[in-house]
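Peer 1:
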Amino acid sequence: MHSKSKFKRHRFDKALISEIQKLHKLDNWHGILMLLEDWICITGAIGISLWAWQNLPLILAILAYMLSVLVIGAKQRGLRVINHMATHNAIAKNPQLNYILSTIFASWLVLESASGYDNTHNSLQNGHHPNLGTERDVDHMAIVEQGLYGEGCSPENAQQFLWMIPFKTFGYVTFLLKNRVWNPYEKSTERVIRLSYLTVLLSVLLWGGLGIPVLLYWIVPLFTSAIWVGIIIQLAEHYPLMESNYEYDIYVSRNRILNPLINFFIGTHNEGYHLIHHLYPRLPLWQMKKAHQILMADPIYNSLHHQTGVLHLFHQLIPATQAPAIAELQTVRE
């Protein structure tokens, strides 16, 4: 299969490449810390909400629960991020630990398959990375199917899409089911183990009388806030850059450099450095900030999508203005 990205590879100076390569060194503890961060936040949110039901007026307890749903959904996204990077073998140096951390403690609990994700993210068949911006790029086609690319599209399309995100839940869940949860190319061994693991775990929780807490504090966030975070991120990573006259890959992905609070929800574990991720897919997430500082020495990279703040991000998405102008960038390249 010869499908490939329609964009040429941007070439960095050899000295910069050498510095970036030094950052690719993996270890066996950063991935564990990432998991601990997610699970501490999740259990903390659950604990605070349960305390609120017992000790606060009903209206405040409801507000605490709603906040817990947002926090849990954001960290369920964090578990998906760990699965994502594990498919690039970039969570742990030890391959077995890389797999265990990303499945037993992460992806399987948010219903995702590791091999299914790998198929739709890295394979020549329909993977996002090797087929970037083509009809074989399932992530890109999910945005296309929302009517955000093609003739007749305008800034109003993106604005309406963002306002309607809660109503896009079914469509995004369908995307996840098809590509991440029940991918026909999932390895049969993983499917058997994954379903057995989830069946046993759910049975134990139900037997222990925890059915309602599982519903309220896991299933509800998984199908609401975690989905909405995923929709925003899916749009923010590349839109509207894919449908442009850009020739090189460096122009069609976007970094999201936001404040810590916003990053907690749509940039957890440094996943907001999405441009860097496409340039160097196996670069560990904990090295993204250092890589960004190094790459800023490249004039092309320096000119792209590094303004901070959520307002700037939405300004890029809603007006659908492609900044910086391609003519200016080509001048820099030349």
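Heads up: the sequence shown begins at 1056 in the numbering used here, then just goes up one per residue. Where a beta carbon is used, it is the ideal one built from N, C-alpha and C, also for glycine.
#1: Our contact map puts I1287 next to I1331 with C-beta atoms below 8 Å; I'd like the distance itself, whole angstroms only.
#2: For a test of the three-state rule: what should DSSP assign to Y1335, helix, strand or coil?
#3: I'd like to check one pair, A1291 with L1368: are the Cβ atoms closer than 8 Å?
#4: Examine the Cβ distances between the region 1237-1251 and the region 1139-1157 and report whether three or more of them are shorter than 8 Å.
#5: Rounded to the nearest angstrom, what separates K1233 and Y1172 at their Cα positions?
#6: With R1135 and V1165 assumed to form a contact (beta carbons below 8 Å), what rounded beta-carbon distance in angstroms separates them?
#7: Exposed or buried, what is P1354 when buried is set at 16 or more other beta-carbons lying within 10 Å of its beta-carbon?
#8: Would you call the region 1103-1114 and the region 1308-1317 touching, i.e. three or more CB-CB distances under 8 Å?
#9: Let's test the definition: count the other Cβ atoms within 10 Å of the Cβ of E1298 and tell me whether it reaches 16, buried, or not, exposed.
#10: For the region 1185-1232, list the beta strand (DSSP E) runs that are entirely contained and at least 3 residues long, ordered along the chain.
#11: Can you grab the Cα-Cα spacing for the pair H1085 / D1093, in whole Å?
#12: Rounded to whole angstroms, what is the Cα-Cα separation between N1318 and D1304?
#13: Count the other C-beta atoms from every protein chain shown that fall within 10 angstroms of the C-beta of M1343, then say buried if there are 16 or more, exposed otherwise.
#14: Using 8 Å as the threshold, is the region 1123-1138 in touch with the region 1322-1329, meaning 3 or more CB pairs across them?
#15: Does the beta-carbon of K1130 have 16 or more other beta-carbons within 10 angstroms, so that it is buried, or is it exposed?
#16: Do L1081 and A1141 count as a contact pair if the criterion is CB distance below 8 Å?
#17: Buried or exposed for V1284, please, with buried defined as at least 16 other CB atoms from any protein chain shown within 10 angstroms of its CB.
#18: Taking 7 Å as the cut-off, does the CB of L1134 come closer than this to any heavy atom belonging to the ligand COA?
#19: To the nearest angstrom, report how far apart Q1180 and N1174 are at their CA atoms.
#20: DSSP three-state call for N1318: helix, strand or coil?
#21: Exposed or buried, S1123, counting other C-beta atoms within 10 Å across all chains shown (16 or more means buried)?
#22: Quick one: complete alpha helix (DSSP H) runs, 4+ long, within the region 1117-1165?
#23: Out of curiosity, what's the CA-to-CA distance linking W1237 and A1070?
#24: Rounding to the nearest angstrom, what Cα-Cα distance links E1241 and S1170 in this structure?
Peer 2: Put simply:
#1: Their Cβ separation, rounded to whole angstroms, is 19 Å, which puts I1287 and I1331 out of contact at 8 Å.
#2: Of the three classes helix, strand and coil, the one that applies to Y1335 here is coil, per DSSP.
#3: yes
#4: no
#5: 10 Å
#6: 6 Å
#7: exposed
#8: no
#9: buried
#10: DSSP runs (the beta strand (DSSP E)) wholly in the region 1185-1232: none.
#11: Distance between the alpha carbons of H1085 and D1093 is about 13 Å.
#12: 24 Å
#13: buried
#14: yes
#15: buried
#16: no
#17: Burial state of V1284 is buried, judged by a 10 Å Cβ sphere holding 16 or more other Cβ atoms.
#18: Summarising the ligand content, the structure contains no ligands, and the ligand COA is consequently not present.
#19: So the two alpha carbons sit approximately 8 Å from each other.
#20: Helix at N1318.
#21: buried
#22: Counting whole runs of 4 or more residues, the region 1117-1165 contains the alpha helix (DSSP H) stretches 1150-1158.
#23: 43 Å
#24: One Cα belongs to E1241, the other to S1170, and the distance between them is close to 5 Å.
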